[in-house]
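Read through the structure below, which is laid out as structure tokens, and then see the notes.
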């Protein structure tokens, strides 16, 4: 065989090997997560957080972990997620700081989707407060925090001593399932809680007044150029801001501080902000410990690696106030926050049996000051 033919066959053989290698190492398709559930919650009770849950993956049957988080409305010290039932192939771990429950396999083993689906259906929410607020729960295969309100992901990256400019570059070089990262821009209380109070650590965010002293702008991501604060601690905000008030920030201390940073745990209000120089301190609470990356911008693909469910607490939305001079009867009215709820009327603040139910209540004949109490209830919650 001639050298030419040997070289030709060798080239074809190598080409076929490359094609096979390329095909067998094609990009892994992430799973699609679906979850349903928007349920009424009875205070001090326990409730499953999904009515249905599924994971569909065209090219895998198992994964490292599933992360379930109270992503909106988390009340530290009162709220809890827990795994009920018998799930021998799964270990659950509750992180109170982040309000996050992790479901993973035994040791370093991955866990099957079948086991995860069954476990997710057995995850319950509990609260020890008499007056809980509405909650949103997020389910995701990645450990970045997911906020349903924005559809964005938030990741804390630990990097002791990193400067703000270094953090900005690092964030912009980060990707998450194809989404482009940037230093977080926090424009609502929900974002502030998830990326601050519930983050794995404190660090740089995308705000700065380096361009014009005292005019704080978001200088990263889709909000680039948006002013969110004017002045020092006694200034004002045309939008949302979450500066620390103990001590009062921003203060442009110590020769100039032009960059926004989430305060360290234990310094003033949890998850609030302070201003630092580009480098921050060399140690202690004002030394940068990392940065918060936000993923998600207009025009980027919508990922199906997350799903959301919710619970709500029925409250009294409105009541009528009635009065009468002398003795007589009155008609009182009350309406619930949900049209599915029933209004119950009581003549004592605790215990007792409802005297009537419905939006209106006509009192018996009364000749002295009398107080009645109302409760909005769904599914027999009293």
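Residue numbers (the numbering used here): 9 to 390.
Even glycine gets a Cβ: it sits at the ideal position worked out from N, Cα and C.
Alpha-carbon to alpha-carbon, residue j and residue i
i           : j           : result
residue 40  : residue 242 : 47 Å
residue 325 : residue 319 : 17 Å
residue 399 : residue 246 : Residue 399 falls outside the range modelled here, since the chain spans only 9 to 390, and no answer is possible.
residue 156 : residue 142 : 13 Å
residue 251 : residue 235 : 14 Å
residue 217 : residue 223 : 5 Å
residue 233 : residue 76  : 34 Å
residue 258 : residue 294 : 13 Å
residue 172 : residue 226 : 13 Å
residue 91  : residue 349 : 29 Å
residue 356 : residue 381 : 7 Å
residue 115 : residue 197 : 37 Å
residue 366 : residue 267 : 55 Å
residue 306 : residue 158 : 11 Å
residue 273 : residue 55  : 31 Å
residue 358 : residue 298 : 49 Å
residue 140 : residue 263 : 45 Å
residue 49  : residue 275 : 34 Å
residue 189 : residue 181 : 7 Å
Bridge partners - residue i, DSSP secondary structure assignment
i           : result
residue 8   : Not covered by the structure: residue 8. The range shown for the chain is 9 to 390.
residue 312 : DSSP lists no partner for residue 312.
residue 5   : Since the first and last residues shown for the chain are 9 and 390, residue 5 lies out of range.
residue 343 : 326
residue 166 : 298
residue 235 : 225
residue 190 : 302
residue 54  : 134
residue 47  : 319
residue 385 : 350
residue 363 : In DSSP, residue 363 forms no bridge with anything.
residue 41  : 63
residue 119 : 71
residue 215 : 226
For residue j and residue i, believed in contact at Cβ under 8 Å, the rounded distance
i           : j           : result
residue 109 : residue 89  : 4 Å
residue 127 : residue 98  : 5 Å
residue 144 : residue 79  : 5 Å
residue 160 : residue 302 : 6 Å
residue 194 : residue 170 : 19 Å between Cβ atoms; not a contact.
Buried versus exposed call for residue i [16 or more other C-beta atoms within 10 Å across all chains shown]
i           : result
residue 191 : buried
residue 124 : buried
residue 279 : buried
residue 165 : buried
residue 289 : exposed
residue 87  : buried
Contiguous beta strand (DSSP E) assignments of at least 3 residues, all confined to the segment 280-308: Counting only runs of 3 or more, we get 281-284, 298-303.
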